[in-house]
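Engineer: Sharing a structure with you now.
There are 4 protein chains.
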Amino acid sequence: MQEIPDGERRTETARLEGFSDAVFAIAITLLVLDLKVPPPGRPGLLGELLLDQWREYLAFLASFATIGVMWMYHHKLFTLINRVDRTLLVLNGLLLLGVAIVPFPTAVAAAYVRHPDAKVAAMFHTGTFVMITVIFRLLWQHASSRNRLLAPGANPRVVGVLNRISAVAPILYLASFFLASVSPLGSTLLNSAIVVIFVMLIP
Amino acid sequence: MQEIPDGERRTETARLEGFSDAVFAIAITLLVLDLKVPPPGRPGLLGELLLDQWREYLAFLASFATIGVMWMYHHKLFTLINRVDRTLLVLNGLLLLGVAIVPFPTAVAAAYVRHPDAKVAAMFHTGTFVMITVIFRLLWQHASSRNRLLAPGANPRVVGVLNRISAVAPILYLASFFLASVSPLGSTLLNSAIVVIFVMLIP
Amino acid sequence: MQEIPDGERRTETARLEGFSDAVFAIAITLLVLDLKVPPPGRPGLLGELLLDQWREYLAFLASFATIGVMWMYHHKLFTLINRVDRTLLVLNGLLLLGVAIVPFPTAVAAAYVRHPDAKVAAMFHTGTFVMITVIFRLLWQHASSRNRLLAPGANPRVVGVLNRISAVAPILYLASFFLASVSPLGSTLLNSAIVVIFVMLIP
Amino acid sequence: MQEIPDGERRTETARLEGFSDAVFAIAITLLVLDLKVPPPGRPGLLGELLLDQWREYLAFLASFATIGVMWMYHHKLFTLINRVDRTLLVLNGLLLLGVAIVPFPTAVAAAYVRHPDAKVAAMFHTGTFVMITVIFRLLWQHASSRNRLLAPGANPRVVGVLNRISAVAPILYLASFFLASVSPLGSTLLNSAIVVIFVMLIP
């Protein structure tokens with residue numbers, strides 16, 4: 006990339022953030038398409054059928070919350086990052102790929118929730134989160150190591166917190182991935198718990 | 006959250022508004038996927054089939070209008086709010102969750118419109134609006150009580166109007182929720198009437 | 006609506022434009038979901054099946070072009086409008102409703118293209134455009150009559166051109182609506198021709 | 006188009022970019038709907054079924070990467086272009102049409118990946134990329150020839166690089182189009198390789 010003055014660089018970040026925000030917002034809203042209308046059948050059954058889908062709703066909620074908290078941290082990162090290089094562009098592209106894919110494993114997890122293969126489906130679901138958090142870690146590491154792309158006044162305490170959280174996140178989701186091989190429901194609940202912790206730790 | 010100067014805080018609000026706007030816009034536009042093409046059958050029937058879906062159209066319109074008016078009020082709120090804290094972030098996330106879900110209960114209501122369980126479906130549909138307006142109330146209460154997150158020059162008259170409307174909205178939708186258990190159509194019409202009132206009362 | 010200083014009014018317009026742009030962009034992109042993958046069948050047939058869908062593609066293109074040109078004119082309008090009142094908010098909401106619905110009549114037109122009811126489907130499709138252009142005319146009339154919501158320096162020549170085009174548009178689409186009752190294909194082609202004319206006339 | 010002062014012209018570009026960004030972001034995120042949940046069947050099969058879809062994933066990835074890199078270059082172009090005329094508006098509309106369509110040929114390619122007609126499907130898929138890159142070339146040629154719409158300070162080296170890349174892109178995709186008639190998989194892999202090269206060459 007050519008040398009560009011500081012003003013244009015900020016614009017560069019702005020449009021990258023805008024595009025990323027749009028992908029986050031679309032992916033999080035498309036998740037609703039994974040919720041299926043129970044096929045009309047015997048009268049008096051609908052209430053029961055809707056309640057019976059609680060595991061599908063949990064899978065939806067875990068994905069919604071995960072994309073939401075990813076957006077919050079992405080947002081936080083880009084209050085510190087003020088330059089863009091090719092590697093950041095590629096890593097951000099991979100991150101968006103991960104986020105945009107989420108509706109698919111969520112649909113798989115929801116479709117197999119009552120099937121003997123529910124464990125595999127849950128591993129596929131949580132595995133996507135492992136992948137996303139690994140890319141997130143790489144992106145942050147690239148941007149922050151030796152302050153490569155950080156704004157001059159980036160708060161070192163915030164940088165430190167993001168270092169630790171981005172390192173721990175893939176480990177937590179990996180634990181949840183293995184938990185899924187035993188208990189799909191346990192994994193979905195752990196995923197939601199991870200999100201709550203992340204929201205509370207946001208610097 | 007760390008202490009941040011006023012300028013950055015405004016930016017913080019701006020990106021939250023931008024993300025919220027995108028979710029509102031996507032959810033409101035995705036509703037169209039709930040309108041189903043009548044399966045091609047006997048010639049000469051299409052006009053009738055399309056007209057016959059008027060209750061599905063009403064369910065769609067009620068959801069469209071409700072998300073639309075929610076956007077207007079959300080927008081109005083954020084002309085008064087100029088700071089973001091963690092609780093606001095979480096409540097706004099829950100609000101977006103409610104808005105993003107709307108296409109699902111709308112689809113349920115439309116699919117069951119001619120089914121004996123239409124009442125349950127309509128309660129599910131209107132129940133979502135109850136939930137959304139309750140979260141909206143909590144969000145506004147958090148932001149406005151003791152001017153916690155309001156801009157210094159926030160017009161007290163407007164704040165007062167929003168206090169009253171946000172308190173009344175869940176009650177109106179709750180009434181419509183109970184009406185749905187008797188008359189799904191009556192509930193849908195009441196939902197639309199509520200929206201008209203809210204548009205007229207917007208300060 | 007309360008009295009607000011000029012600066013905030015511009016912001017008000019900006020967020021309305023942003024929300025409208027998002028709905029236009031989502032509706033225009035959702036149209037692709039109306040294009041159906043031919044169900045895999047006898048080998049060697051796919052090329053033919055894809056070519057055979059040319060009328061479906063035309064219906065898609067007419068909708069895409071119409072939403073696109075609507076966006077261009079909406080955009081042009083809001084370079085002249087710099088105030089927002091409740092009526093504008095409501096009319097703009099109705100316009101977005103019309104735009105967001107377009108994928109539904111397009112799907113109907115595409116699904117019935119080879120069915121005896123193709124004429125009814127085409128009338129439903131073009132009828133939506135009549136409705137949208139009527140709302141567009143009302144919106145512009147409200148904003149421009151006696152310069153109600155126009156910026157002080159609004160170019161009178163541009164205002165005049167928009168007056169004439171917004172008045173003629175519903176008439177052209179109405180002609181196409183009646184043409185659809187005779188020739189669905191003729192109507193779709195006329196719709197495309199109307200768009201070309203509108204693009205050339207954009208002031 | 007009327008004569009407009011420089012400030013407004015920049016705004017004009019800004020809204021065009023914003024609308025284009027939204028269409029790019031929606032199209033890239035809608036691609037996920039092309040990934041299909043394997044219908045629940047015999048227990049123990051899900052892992053295999055998911056792995057078995059690797060060619061569908063590749064088709065998805067090729068489309069995702071292509072739209073992504075198109076966005077990057079579109080973005081780069083509009084750091085150089087600072088005026089809008091009718092031809093640019095139309096060519097940009099055609100470009101967005103191409104981008105918005107991508108989920109359809111991707112779905113065709115994915116649905117026919119194990120069918121004897123996979124070659125035709127792959128040609129349809131890659132043919133869309135040929136079309137998009139041709140429009141891209143025309144757009145850039147119109148904007149840059151005799152600096153028609155370029156900003157005064159546009160870097161001649163960057164302009165030169167974009168000239169060459171936009172001229173070569175359609176040729177590369179045309180080669181991949183013909184490759185698809187022999188090897189669908191080879192064509193999909195070549196499409197991905199082209200994207201990698203384009204990312205590395207971005208000026």
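So the protein sequences, as listed, match chains A, B, C and D. Residue numbering for the first sequence follows the working numbering, starting at 6 and increasing by one per position. Residue numbering for the second sequence follows the working numbering, starting at 6 and increasing by one per position. Residue numbering for the third sequence follows the working numbering, starting at 6 and increasing by one per position. Residue numbering for the fourth sequence follows the working numbering, starting at 6 and increasing by one per position. Where a beta carbon is used, it is the ideal one built from N, C-alpha and C, also for glycine.
Is Ala-64(C) closer than 9 Å to Val-42(B) when the C-beta atoms are compared?
Structural biologist: No, the pair does not count as a contact, with Cβ atoms beyond the cut-off.
Engineer: Ordered along the chain, which non-local residues of its own chain (more than five positions away) have a Cβ less than 7 Å from that of Met-6(B)?
Structural biologist: Confidence is the limiting factor: at Met-6(B) the pLDDT is only 44, short of 50, which leaves the residue's position unreliable, though a coordinate-based value still follows. Around Met-6(B): Asp-90, Arg-91.
Engineer: Report all residues from its chain with a CB closer than 7 Å to the CB of Thr-133(A); omit the five preceding and five following residues, and keep chain order.
Structural biologist: Cβ neighbours of Thr-133(A) beyond the five flanking positions: Gly-103, Ile-106, Val-107, Pro-110.
Engineer: Taking 9 Å as the threshold (C-beta atoms), are Leu-85(A) and Val-164(A) in contact?
Structural biologist: Cβ atoms of Val-164(A) and Leu-85(A): closer than 9 Å.
Engineer: Using a Cβ-Cβ cutoff of less than 8 Å, which residues in the same chain neighbour Thr-142(D) once the five nearest sequence positions on both sides are dropped?
Structural biologist: As written in the sequence, residue 142(D) is Arg, which differs from the Thr given in the question. Closer than 8 Å at Cβ, skipping near neighbours: Ser-171, Ala-172, Ala-174, Pro-175.
Engineer: For Ile-207(B) versus Leu-94(C), is the C-beta spacing smaller than 9 Å?
Structural biologist: Their beta carbons are under 9 Å apart, which means Ile-207(B) touches Leu-94(C) by this criterion.
Engineer: Chain A partners of Asp-26(D), CB-CB under 8 Å?
Structural biologist: Chain A residues near Asp-26(D): Arg-20, Gly-23, Phe-24, Ala-27.
Engineer: Please name the residues in the stretch 83 to 96 of chain C whose beta-carbon is closer than 9 Å to at least one beta-carbon of chain B, in chain order.
Structural biologist: Within the stretch 83 to 96 of chain C, the residues whose Cβ lies closer than 9 Å to some Cβ of chain B are Arg-91, Leu-94, Val-95, listed in chain order.
Engineer: Considering only their Cβ atoms, is the gap separating His-130(B) from Ser-186(B) smaller than 9 Å?
Structural biologist: Result no, Cβ atoms of Ser-186(B) and His-130(B) do not sit closer than 9 Å.
Engineer: Which value, in whole angstroms, describes the spacing of the CA atoms of Ser-25(D) and Glu-53(D)?
Structural biologist: The alpha-carbon atoms of Ser-25(D) and Glu-53(D) are separated by roughly 39 Å.
Engineer: If we call anything under 9 Å between Cβ atoms a contact, is Ile-72(C) one with Ala-114(C)?
Structural biologist: Not a contact, by the Cβ cut-off of 9 Å.
Engineer: If you follow the alpha helix (DSSP H) that His-147(C) is in, where does it begin and where does it stop?
Structural biologist: Here the alpha helix (DSSP H) through His-147(C) covers 123 to 149.
Engineer: Does Ile-202(D) pass the burial test, meaning 16 or more other C-beta atoms within 10 Å, or should it be called exposed?
Structural biologist: By the 10 Å Cβ count, Ile-202(D) comes out exposed.
Engineer: If you count every other CB in all the chains shown that lies within 10 Å of the CB of Phe-183(C), and 16 or more means buried, which is it?
Structural biologist: It is exposed - the Cβ of Phe-183(C) has fewer than 16 other Cβ atoms within 10 Å.
Engineer: Throw me the rounded Cβ distance for the Asp-57(C) and Gly-49(B) pair, which I believe falls under 8 Å.
Structural biologist: So it is not a contact: roughly 25 Å between Cβ atoms.
Engineer: Checking contacts by CB at 9 Å: is Tyr-117(C) closer than that to chain B?
Structural biologist: Yes, contact with chain B.
Engineer: Can a CB atom of chain B be found closer than 9 Å to the CB of Thr-193(A)?
Structural biologist: False, the Cβ-Cβ gap to chain B never drops below 9 Å.
Engineer: With DSSP as the reference, please indicate the residues paired to Leu-155(A) in a beta bridge.
Structural biologist: Answer by DSSP bridge pairing, in chain order: Ile-86(A).
Engineer: If we call anything under 9 Å between Cβ atoms a contact, is Ala-27(B) one with Ala-27(A)?
Structural biologist: Yes. Within cutoff.
Engineer: Could you give the DSSP three-state label for Gly-46(A): helix, strand or coil?
Structural biologist: Three-state result, Gly-46(A): coil.
Engineer: Using the beta-carbon count (16 or more within 10 Å), is Met-205(A) buried or exposed?
Structural biologist: Exposed: under 16 other Cβ atoms inside 10 Å.
Engineer: Taking Cβ-Cβ distances shorter than 8 Å, what residues in chain C pair up with Ala-105(D)?
Structural biologist: Within 8 Å Cβ-Cβ: Ile-33, Thr-34, Leu-36, Val-37, Phe-69.
Engineer: Could you pull out every residue in the same chain whose Cβ sits closer than 6 Å to the Cβ of Met-136(B), ignoring the five residues on either side in sequence?
Structural biologist: Closer than 6 Å at the Cβ level, and outside the excluded window around Met-136(B), lie Gly-103.
Engineer: How should Ala-198(C) be labelled, buried or exposed, when 16 other C-beta atoms within 10 angstroms of its C-beta is the threshold for buried?
Structural biologist: Ala-198(C) should be labelled exposed.
Engineer: Nearest-angstrom Cα distance between Ile-140(C) and Lys-124(A)?
Structural biologist: Their Cα atoms are separated by approximately 52 Å.
Engineer: Which residues of chain A have a Cβ atom closer than 7 Å to the Cβ of Ala-126(B), listed in chain order?
Structural biologist: Correct list: Leu-51.
Engineer: Output yes if chain A places a C-beta closer than 9 Å to the C-beta of Ala-112(B); else output no.
Structural biologist: Yes, contact with chain A.
Engineer: Applying a beta-carbon distance threshold of less than 8 Å, which residues of chain B neighbour Phe-182(C)?
Structural biologist: Under the 8 Å cutoff, chain B gives no residues; its nearest Cβ is about 14 Å from Phe-182(C).
Engineer: Assuming Thr-18(C) contacts Phe-83(C) (C-beta within less than 8 Å), just tell me the rounded distance between them.
Structural biologist: With 8 Å as the limit, Thr-18(C) and Phe-83(C) qualify as a contact, their Cβ atoms being about 6 Å apart.
Engineer: Keeping to the same chain, check which residues put their C-beta closer than 8 Å to that of Val-37(D); ignore five residues upstream and five downstream.
Structural biologist: So the qualifying residues of the chain are Phe-65.
Engineer: Counting only beta-carbon separations shorter than 9 Å, does Ile-202(C) have a partner in chain D?
Structural biologist: It does not; no Cβ of chain D falls within 9 Å.
Engineer: Give the DSSP-derived three-state secondary structure of Ile-72(D) in the structure shown.
Structural biologist: Three-state result, Ile-72(D): helix.
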